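Each residue of the sequence shown is one higher than the one before, starting from 965 at the first, in the working numbering.
Let me begin by presenting the structure, written as structure tokens, before commenting on it.
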Amino acid sequence: MRPVVVVGIAGGSGSGKTTLALELLKLLGSSAKVLYQDSYYIDQSHRFDGDGGSVNFDHPDSLEFSLLATHLRSLKQRRAVEVPQYDFATHSRLARTECFEPCDVVIVDGTLLLSQPQICRALDLKVFVDTDEDLRFSRRLDRDVRERGRTPDGVRKQFSLQVKPMHDEFVEPSKIHADLLFPGDRVVEACAVDLLEAVKGLGST
965 MRPVVVVGIA
975 GGSGSGKTTL
985 ALELLKLLGS
995 SAKVLYQDSY
1005 YIDQSHRFDG
1015 DGGSVNFDHP
1025 DSLEFSLLAT
1035 HLRSLKQRRA
1045 VEVPQYDFAT
1055 HSRLARTECF
1065 EPCDVVIVDG
1075 TLLLSQPQIC
1085 RALDLKVFVD
1095 TDEDLRFSRR
1105 LDRDVRERGR
1115 TPDGVRKQFS
1125 LQVKPMHDEF
1135 VEPSKIHADL
1145 LFPGDRVVEA
1155 CAVDLLEAVK
1165 GLGST
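Structural data, given as structure tokens:
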């Protein structure tokens, strides 16, 4: 049985890391799956008082990284895990979970992955998507209004008070741990092809 390869794709919010993860998934096909850091948010429904308020979703403490690390270790042993489900509209962790079956390549997508030593230890390939702040903000604004029911003013406030400071403190410094660095304005298909070659070099595909 071939070893499971775990690829972590990190970068700031709106950097294009999810787009790269999905493009790599497209190239790998059924041998891979994407696991999202965002699934591991701690329930914040009782504390949420507005975007940019008392709940800082961009701080590492808002996520259950210990559970994510445990799940990655289990997947590397080809054991299925029960992934939490988070509702961004209500800021709550749902009662149900989703079974994530093991596969040859697990692609982990998340802003703060490389800032967490316990996660880095579980990654076989560490990737960082390095993107200009203005582009990251415009993408975040579009996503949060369109997909998460946020207001433009709320998104701007949250970006200024939380997203940018946490990016500067935790996300940006974490790129020193990356094995591969991709510019966020590069054509994503080209980045995915290069990333695929790196995954193949690990001997899993």
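Quick reminder that beta carbons are idealized off the backbone N, C-alpha and C, glycines included.
From a predicted model like this one, the values you see are computed outputs, not experimental measurements.
Looking at residue j and residue i, is the spacing between their C-beta atoms short of 8 Å?
i, j, result
"glycine 972", "lysine 1090", "yes"
"leucine 1032", "valine 1070", "no"
"leucine 999", "valine 969", "no"
"arginine 1150", "serine 979", "no"
"lysine 997", "phenylalanine 1064", "yes"
"leucine 1076", "glutamine 1008", "no"
"phenylalanine 1123", "proline 1024", "no"
"serine 1030", "glutamine 1082", "yes"
"leucine 1160", "leucine 991", "yes"
Apart from the five residues on each side of it in sequence, which residues of its chain come closer than 6 Å, Cβ to Cβ, to residue i?
i, result
"phenylalanine 1092", "Ala974, Gly975, Lys1139, Ala1142 and Leu1145"
"valine 1127", "Ser977 and Asp1022"
"phenylalanine 1012", "Val1019 and His1055"
"histidine 1035", "Val1045"
"leucine 1087", "Val970 and Gly972"
Go ahead and pull the three-state DSSP assignment for residue i.
i, result
"leucine 992", "helix"
"cysteine 1063", "strand"
"alanine 974", "strand"
"aspartate 1022", "coil"
"leucine 1089", "strand"
"glutamate 1166", "The amino acid occupying residue 1166 in the given sequence is leucine; glutamate does not appear at that position. It is coil, neither helix nor strand."
"leucine 1076", "coil"
"valine 968", "coil"
"proline 1129", "helix"
Excluding the 5 residues preceding and the 5 following residue i in the sequence, name in chain order all residues of the same chain whose CB lies nearer than 8 Å to its CB.
i, result
"glutamate 1153", "Glu987"
"arginine 1043", "Pro1066"
"aspartate 1094", "Gly975, Ser979, Lys1139, Leu1145, Phe1146, Pro1147 and Gly1148"
"valine 1109", "Thr1115, Pro1116 and Val1119"
"arginine 1112", "Phe1052 and Ala1053"
"methionine 965", "Arg1042"
Checking the sheet assignment: what are the DSSP bridge partners for residue i?
i, result
"isoleucine 1006", "Beta-bridge pairing links isoleucine 1006 to no other residue."
"valine 1045", "Phe1064"
"serine 1056", "Asp1051"
"aspartate 1094", "Pro1147"
"valine 1069", "Val969 and Ala996"
"leucine 1105", "Beta-bridge pairing links leucine 1105 to no other residue."
"leucine 1039", "For leucine 1039, which the question treats as bridged, DSSP gives no partner whatsoever."
"leucine 1032", "In DSSP, leucine 1032 forms no bridge with anything."
Tell me, to the nearest whole angstrom, how far the beta carbon of residue i is from that of residue j; I am working on the premise that it is less than 8 Å.
i, j, result
"glutamate 1062", "glutamine 1049", "6 Å"
"aspartate 1068", "lysine 981", "At roughly 21 Å, the Cβ-Cβ gap does not stay under 8 Å, so aspartate 1068 and lysine 981 are not in contact."
"leucine 1027", "tyrosine 1005", "6 Å"
Leaving out the 5 sequence neighbours to the left and right, which residues in its chain are closer than 7 Å to residue i when beta-carbon positions are compared?
i, result
"arginine 1103", "Gly978"
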